[in-house]
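Residue numbers (my numbering): 170 to 606.
Just so it is clear, CB atoms sit at the ideal spot from N, CA and C, and this is done for glycine as well.
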């Protein structure tokens, strides 16, 4: 009885409070805008991926026609000979692509900081300039884009505070609290019921948005576990703020006290703690300018180029011992053209060692962030949320690993075919395509 009467009372109060209605309308508009941003980013990525696939198919078709027409390459590049493995693989358009999750509109996360596709060449690395930007996560406030997870984690508590700050506080301000204690059997239950009314409003709004995205993107059957987890995160996070609000109302003396307590709680949980941790992490683990990687990619690479053919051949055989079994190896003079065509394998190995140090630095930095989770719940929820929408740092780390695997696979094939002095025809080219695509 208390719940139903409190709901009816609060419904009238809500509809007659212009400030609360306006706040709710603005929140809904912000939610729609955030989802629009997410859908726009998703559609943009899908369009780009489709264009890449089309460009890739056109590249295959063009090279296949060269084989069929007996050509060795484009007429304006007479030095190209696609019968040689080096040029056949060079003209094999190979890409690594991270397909956007259908739940991306619910959380953009790190998507705007990292590449989602990469053209794989003999000289590619996972830290090319088109692959990575410096990670700076905890708050979306500084990133310039409002996404749905930001709305849930940062703005929904503010909306709740606007809704509930004068529950019982107004009665106390007007000195109706004693009269109210006579009219209702339990003041705490009456406060809880009124707070629950606003919880239901915000919870329903967010739930509708979450499931609408899932339905629009046909993700209910394929990503049901992730959807449920996002929905549960939203529910329990909002419930936690309601419990905090209920506690503040019970122990505060008036509306100002309630508002001050709740706003202070929001500033501490959503701004001061994440911001403090963010600054501490950057002081303890400064921005990685990847100097080791740059040294490997420049100085060490130039040093390799300056080596003699014999020295480069020794380095190649150390990486790929099977080279010693090839006819090209067992000649009186090192095959300089083959060595030059496969020297990218040596550079790739040097880059991988340098990249391992960079990744180790990121791992240390991330462990420090994770160590703060027990007192930094907003960042914990933000990173967990991003993990469910396929937009976390670790999702892009997995993508970088996939890129490196494709690089290694292409270079291995290059070394095998060049040292075996394979003469490439259309059939072999199609076989390359099957192995690398």
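- Three-state secondary structure assigned by DSSP to residue 607: The question about residue 607 has no answer here: the residues shown for the chain are numbered 170 through 606.
- Three-state secondary structure (DSSP) at residue 606? Along the chain shown, one-based indexing puts residue 606 at 437. Residue state, collapsed to three classes: coil.
- Can you tell me where the beta strand (DSSP E) with residue 222 in it begins and where it stops? To locate residue 222, count along the chain shown from 1; it is residue 53. Run containing residue 222: none in the beta strand (DSSP E); it sits in the alpha helix (DSSP H), 187 to 237.
- Query: If you check the beta carbons only, do residue 374 and residue 333 fall under 7 Å apart?
  - Reply: In the chain shown, the residue the question calls residue 374 occupies position 205. In the chain shown, the residue the question calls residue 333 occupies position 164. No, they are not a contact pair.
- In this structure, does DSSP put residue 308 in helix, strand or coil? The residue you call residue 308 lines up with position 139 of the chain shown. Bear in mind that a pLDDT of 42 at residue 308, under 50, signals an unreliable position, so the number given afterwards is only what the model happens to contain. Three-state DSSP puts residue 308 in coil, outside helix and strand.
- Task: Output yes or no for whether 7 Å exceeds the beta carbon distance between residue 555 and residue 228.
- Result: As a working note, residue 555 is residue 386 in the chain shown. As a working note, residue 228 is residue 59 in the chain shown. Not closer than 7 Å, so no.
- Quick one: what's got a C-beta closer than 7 Å to residue 320's C-beta in the same chain, skipping five residues either side? Residue numbering aside, residue 320 sits at position 151 when the chain shown is read from its first letter. Excluding positions up to five away in sequence, the list reads 199, 200, 203.
- Query: Around the C-beta of residue 529, are 16 or more other C-beta atoms found within 10 angstroms, so that it is buried, or is it exposed?
  - Reply: Position 360 of the chain shown holds residue 529. That one is exposed.
- Item | Whole-Å CB distance - residue 268 paired with residue 595, under 8 Å assumed | Here residue 268 refers to the residue found at position 99 of the chain shown. Here residue 595 refers to the residue found at position 426 of the chain shown. Not quite, the Cβ-Cβ distance comes to about 30 Å (not below 8 Å), so this is no contact.
- Can you list, in chain order, the residues of its chain whose CB lies under 7 Å from that of residue 609, leaving out five sequence neighbours each side? In the structure displayed, the chain extends from 170 to 606; residue 609 sits before or after that span and is not available.
- Reduced DSSP secondary structure (H/G/I, E/B, other) of residue 334: One-based indexing of the chain shown puts residue 334 at position 165. Residue 334 falls in the coil class under three-state DSSP.
- Cβ-based burial, residue 514 [other Cβ within 10 Å; buried from 16]: Taking the first residue of the chain shown as 1, we reach residue 514 at position 345. Buried is the call here.
- Item | Nonlocal neighbours in the same chain, by C-beta distance under 7 Å from residue 561, ignoring five residues either side | Numbered from its first residue, the chain shown carries residue 561 at position 392. These residues qualify, in order along the chain: 278, 279, 552, 555.
- Message: In the DSSP output, what is residue 289 paired with across the bridge?
- Response: Stepping through the chain shown from its first residue, residue 289 is reached at position 120. Partner(s): 263.
- If we count Cβ pairs, one from each stretch, closer than 8 Å, do we get three or more for the segment 287 to 296 versus the segment 570 to 577? yes
- Message: Between which residues of its own chain and residue 214 is the CB-CB distance below 7 Å, once the five residues before and five after are set aside?
- Response: As a first step, residue 214 is located in the chain shown; it is residue number 45 there, counting from the start. Only 269, 285 meet the Cβ criterion.
- DSSP three-state assignment for residue 542, whether helix, strand or coil: Numbered from 1 along the chain shown, position 373 holds the residue referred to as residue 542. Coil, per DSSP.
- Quick one: Cα of residue 323 to Cα of residue 444, how far? As a position in the chain shown, residue 323 is number 154, starting the count at 1. As a position in the chain shown, residue 444 is number 275, starting the count at 1. Cα-Cα distance, rounded: 13 Å.
- Message: Between the alpha carbons of residue 299 and residue 292, how many angstroms are there, rounded?
- Response: Mapped onto the chain shown, residue 299 falls at position 130. Mapped onto the chain shown, residue 292 falls at position 123. Residue 299 and residue 292: Cα-Cα distance of roughly 14 Å.
- Query: Given a threshold of 16 other Cβ atoms within 10 Å of its Cβ, counted over all protein chains shown, does residue 239 qualify as buried or as exposed?
  - Reply: Position 70 of the chain shown, counted from the first residue, corresponds to residue 239. Exposed, because fewer than 16 other Cβ atoms sit within 10 Å of the Cβ of residue 239.
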